[in-house]
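**Q** Sending over a structure as C-alpha cells; questions will come in a sec.
Number of protein chains: 2
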Amino acid sequence: MNLRELNIKLTKESLRKEISRDILIIQTIHSIDELIKIINTLVANLRERYGYYAPRASRTEDVEKFLELINKKIKEDIGMDLTQKDLDSIIELSAEIKNLIQLKKSKEKYIEELTKEICSNLSQVATPLIASRLIDHAGSLKHLAEIPSSTIQVLGAEKALFRHLKTGSKAPKFGIIFSHPNISKALQEQKGKAARKLASEISKAVKIDFFRQK
Amino acid sequence: MNLRELNIKLTKESLRKEISRDILIIQTIHSIDELIKIINTLVANLRERYGYYAPRASRTEDVEKFLELINKKIKEDIGMDLTQKDLDSIIELSAEIKNLIQLKKSKEKYIEELTKEICSNLSQVATPLIASRLIDHAGSLKHLAEIPSSTIQVLGAEKALFRHLKTGSKAPKFGIIFSHPNISKALQEQKGKAARKLASEISKAVKIDFFRQK
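If you're matching them up, the sequences are chains A and B in order. In this text, residue positions in the first sequence follow the working numbering: the first is 1, and each later residue adds one. In this text, residue positions in the second sequence follow the working numbering: the first is 215, and each later residue adds one.
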C-alpha cells in the first residue's frame, strides 16, 4: 500500500468513526413519526371509502376494531351497493394498514433496543420514544447532554417559548416531554412541577449515558 | 310493515340511489395519490437510513433498483458499521415500500376497471388516471359533463388562472391534462394546440359517457 492509498484509507476510517450510533435513533424516530402520519392518512381514506357502504361502522373510533369490522363486510341498510371487486379493493387497503401498524410496532421495539444500548438511563427515565424525540431535537446525544434542564423541559415548544418572550404570553411548561405519563397523569396544577422534576431527572440521566461512553 | 316503516325504507332507498358509482373513482384516486406521497416519503427516509452504510448506493435514482440494492446489503468502505439488527430494520422498511408499490399498482388496475365500466370513452381518450383526476376535480361525472372544453383544459391550474386574471401574467395552457402523452410528447410550441384538441375530445367523450347512462 503506497502513501496515497494509506491516506485515503485513514481519511475514510476517520469519517466513519465520526458517525456515532445515536444517528440510528434519529433515523428510526423519523420512520416512526412518518408511519404514524401515514397510518392516520390511510385510515381516514379507508373510512371515506367504507363509509358509503357501512356509515355507522366507519365511525368506529378504535382503529383496530374498525379494521376488524371491515373484514366482516356487513352492509348497512342505508349503504351503497358494492360489487365483490369494490369490496376486495377496500379490504386490500385495510390489510396494508394492518401491515403498517405491524411495521410501526416493530420499529418501536427496535428503537427500544437502540435506546437501551446507547442511552439506557435516559430511555428508562424518559421512555424510549420521548428519549428518541429529545435526541432528534437536540441533534445528537452529545448536544442533549450539554443542554440545561430548563431547556430540556421546553424542547419542542419553541414556538410557544418565543411567543412568550415576544408578547409576554404564558411561558410554556413543557414540550416533547408533555406526553410522558408523569406529566399526563399529574393533576392540572401539578403539571408544571412534574415537568420541572422530570426534566431535571432526564438531564442527569443523559449526562451519565453520554460520559459513560467516552 | 306499517306506514312508518315503509316511509323509512323508502327514504333509505332513495338516499342509497343518490350515490352513483363515480364516487368509487374519486375515493380510489385519493388512495392512489396518498400512496404516491407515502411511497416518496418512505423512500426518502430509507435513503437517509441506508445512506450512512452505503452512501453511493443510496443515491440510485431508480426506486426499484435502489430497493434491490438494499437486499444485497453491500457495505461501502466509507460507510458506518451496522449490526445485523440495524440492517434487518432497514430491510424491513424496504420490504414494506415494495408492498406499498404493489398496492398502488393494484389500485391503478382497479381504477382502470372502474373507469372502463363507468366512463369508457373518457378513460380511453384521457387515460384512466387523468380521467379519474378530472372527475375528482369536477366533483362527479355529471359535473364534468357540464363543464365546457376550455375549462377542462385548465382544470387543476386554478392558481395560475387566477394569477392570470388578476395580474395579466400568461394564461395557463393546461392543468391536470398536462401529464397526458399527447401533450408531454408534443413539441414546446405545439403544446397549447395539443391541449386544446385533447380538452375538446375529453369534453365530447365525457358527455357521451354521462348521457348514455341516463
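Even for Gly, the Cβ is constructed at its ideal location relative to N, Cα and C.
Expressed to the nearest angstrom, what Euclidean distance is found between the alpha-carbon atoms of Phe-388(B) and Gln-367(B)?
**A** Along the second sequence, one-based indexing puts residue 388(B) at 174. Along the second sequence, one-based indexing puts residue 367(B) at 153. Straight-line Cα distance between these residues: approximately 5 Å.
**Q** Please compile the residues from chain A whose C-beta is within a distance smaller than 9 Å of the C-beta of His-244(B).
**A** As a first step, residue 244(B) is located in the second sequence; it is residue number 30 there, counting from the start. Ordered by position in chain A, the residues that pass the 9 Å Cβ test against His-244(B) are Asn-45, Glu-48 and Arg-49.
**Q** Does the beta carbon of Asn-7(A) sit closer than 8 Å to a beta carbon anywhere in chain C?
**A** Checking the listed chains, one finds no chain C in this structure; the protein chains it contains are A and B.
**Q** Under 8 Å Cβ-Cβ, which residues of chain A neighbour Asp-300(B)?
**A** Taking the first residue of the second sequence as 1, we reach residue 300(B) at position 86. Correct list: Leu-24.
**Q** Can the beta-carbon of Val-125(A) be found less than 8 Å from the beta-carbon of Ala-195(A)?
**A** Position 125 of the first sequence, counted from the first residue, corresponds to residue 125(A). Position 195 of the first sequence, counted from the first residue, corresponds to residue 195(A). No; because the gap between Cβ atoms is not below 8 Å, this pair is not in contact.
**Q** Using the beta-carbon of each residue, which ones in chain A are nearer than 9 Å to Thr-255(B)?
**A** In the second sequence, counting from the first residue as 1, residue 255(B) sits at position 41. Residues of chain A passing the Cβ test: Glu-34, Lys-37 and Ile-38.
**Q** Compute the distance between the beta-carbons of Glu-248(B) and Leu-42(A), then report whether it is under 8 Å.
**A** Translated into the one-based positions of the second sequence, residue 248(B) becomes position 34. Translated into the one-based positions of the first sequence, residue 42(A) becomes position 42. Yes, Cβ-Cβ distance for Glu-248(B) and Leu-42(A) is below 8 Å.
**Q** Whose Cβ in chain A lies nearer than 8 Å to the Cβ of Leu-317(B)?
**A** Residue 317(B) sits at position 103 when you count from the first residue of the second sequence. Correct list: Glu-92, Leu-93 and Glu-96.
**Q** Out of Asp-423(B), Thr-341(B) and Ser-393(B), state which residue places its alpha-carbon closest to the alpha-carbon of Phe-360(B).
**A** As a first step, residue 360(B) is located in the second sequence; it is residue number 146 there, counting from the start. Here the sequence assigns Glu to residue 360(B), which means Phe is not the residue at that position. Ranking Asp-423(B), Thr-341(B) and Ser-393(B) by Cα distance to Glu-360(B) puts Asp-423(B) first.
**Q** Using CA atoms only, rank isn't needed, just tell me which of Leu-355(B), Val-277(B), Leu-328(B) and Glu-322(B) is closest to Asn-254(B).
**A** Working through the second sequence from its first residue, we reach residue 254(B) at position 40. With distances taken between Cα atoms, Asn-254(B) lies closest to Val-277(B).
**Q** Answer with yes or no whether the minimum CB distance from Asn-216(B) to chain A is below 8 Å.
**A** Taking the first residue of the second sequence as position 1, residue 216(B) is located at position 2. Interface annotation, Asn-216(B): not in contact with chain A, CB-CB separation never under 8 Å.
**Q** Would you please verify whether the beta carbon of Glu-112(A) is less than 8 Å from any beta carbon of chain B?
**A** Position 112 of the first sequence, counted from the first residue, corresponds to residue 112(A). No, no contact with chain B.
**Q** Among Asn-285(B), Glu-310(B), Lys-323(B) and Asp-291(B), which has the Cα closest to the Cα of Gln-298(B)?
**A** As a working note, residue 298(B) is residue 84 in the second sequence. For Gln-298(B), the nearest C-alpha among the options comes from Asn-285(B).
**Q** For Gln-241(B), return the contacting residues in chain A, with the cut-off set at a CB-CB distance below 7 Å.
**A** Counted from its first residue, the second sequence places residue 241(B) at position 27. The contacting residues are Glu-48 and Arg-49.
**Q** Between Ser-89(A) and chain B, is there a C-beta pair that is closer than 8 Å?
**A** Reading the first sequence from its first residue, position 89 is the one you call residue 89(A). It does: the Cβ of Ser-89(A) has a partner Cβ on chain B nearer than 8 Å.
**Q** Should Lys-241(B) go down as buried or exposed, given a rule of 16 or more other Cβ atoms within 10 Å for buried?
**A** Here residue 241(B) is taken as the residue at index 27 of the second sequence, counted from 1. Before going further, note that residue 241(B) is Gln rather than Lys in the sequence given. Under this definition Gln-241(B) is a buried residue.
**Q** Taking a contact to mean a Cβ-Cβ separation below 8 Å, would you say Lys-251(B) touches Ala-268(B) in this structure?
**A** Within the second sequence, numbered from 1, the residue matching residue 251(B) stands at position 37. Within the second sequence, numbered from 1, the residue matching residue 268(B) stands at position 54. The answer is no: Cβ separation not under 8 Å.
**Q** Using a C-beta cutoff of 8 Å, does Leu-314(B) count as contacting chain A?
**A** Locating residue 314(B) in the second sequence gives position 100, counting from the first residue. So yes, Leu-314(B) belongs to the interface.
**Q** List the residues of chain A that Ser-334(B) touches, going by C-beta distances under 7 Å, in chain order.
**A** Translated into positions along the second sequence, residue 334(B) becomes position 120. Those within 7 Å of Ser-334(B) in chain A number zero; the least Cβ separation is about 16 Å.
**Q** Okay, do the segment 87-102 of chain A and the segment 314-323 of chain B touch, 3+ Cβ pairs below 8 Å being the bar?
**A** yes
**Q** Flag this pair as yes or no: are the beta carbons of Lys-384(B) and Ile-397(B) separated by less than 8 Å?
**A** In the second sequence, counting from the first residue as 1, residue 384(B) sits at position 170. In the second sequence, counting from the first residue as 1, residue 397(B) sits at position 183. No, the pair does not count as a contact, with Cβ atoms beyond the cut-off.
**Q** Who are the neighbours of Ser-106(A) on chain B, taking C-beta pairs under 7 Å?
**A** In the first sequence, residue 106(A) corresponds to position 106, counting from 1. In chain order: Glu-306.
**Q** State the DSSP-derived secondary structure class of Glu-76(A), mapped to helix, strand or coil.
**A** For the purposes of this step, residue 76(A) is taken as residue 76 along the first sequence, with counting starting at 1. Looking at Glu-76(A) - three-state DSSP - the assignment turns out to be coil, as it is neither helix nor strand.
**Q** Whose C-beta lies closer than 7 Å to the C-beta of Lys-411(B) among residues of the same chain, with five residues either side of it excluded?
**A** The count along the second sequence starts at 1 and reaches residue 411(B) at position 197. Answer for Lys-411(B): no residue qualifies.
**Q** Quick check on this structure: which residue in Lys-9(A), Ile-32(A) and Leu-82(A) has the alpha carbon closest to the alpha carbon of Ser-132(A)?
**A** Stepping through the first sequence from its first residue, residue 132(A) is reached at position 132. Of the listed residues, the one whose Cα sits closest to Ser-132(A) is Ile-32(A).
**Q** Would Ala-57(A) and Tyr-50(A) qualify as a contact pair, given that the criterion is a beta-carbon distance under 8 Å?
**A** What you label residue 57(A) is simply residue 57 of the first sequence in a count that begins at 1. What you label residue 50(A) is simply residue 50 of the first sequence in a count that begins at 1. Their beta carbons are under 8 Å apart, which means Ala-57(A) touches Tyr-50(A) by this criterion.
**Q** Could you compute how far the alpha carbon of Ser-200(A) sits from the alpha carbon of Arg-21(A)?
**A** Looking up residue 200(A) in the first sequence gives position 200. Looking up residue 21(A) in the first sequence gives position 21. Answer to the nearest angstrom: the Cα atoms are 25 Å apart.
**Q** Over the uninterrupted alpha helix (DSSP H) stretch that includes Pro-181(A), give me the two end residues.
**A** Within the first sequence, numbered from 1, the residue matching residue 181(A) stands at position 181. Element bounds for Pro-181(A): 181-184.
**Q** Are the beta-carbon atoms belonging to Leu-238(B) and Leu-328(B) less than 8 Å from one another?
**A** Within the second sequence, numbered from 1, the residue matching residue 238(B) stands at position 24. Within the second sequence, numbered from 1, the residue matching residue 328(B) stands at position 114. Yes, Cβ-Cβ distance for Leu-238(B) and Leu-328(B) is below 8 Å.
**Q** Count the other CB atoms, across all protein chains shown, that sit within 10 Å of the CB of Phe-66(A); report buried if there are 16 or more and exposed otherwise.
**A** Working through the first sequence from its first residue, we reach residue 66(A) at position 66. The residue in question, Phe-66(A), is buried, as its Cβ has 16 or more Cβ neighbours within 10 Å.
**Q** Quick check: Leu-348(B) and Leu-369(B), are their CB atoms within less than 8 Å of each other?
**A** Within the second sequence, the letter at position 134 stands for residue 348(B). Within the second sequence, the letter at position 155 stands for residue 369(B). Yes, Cβ-Cβ distance for Leu-348(B) and Leu-369(B) is below 8 Å.
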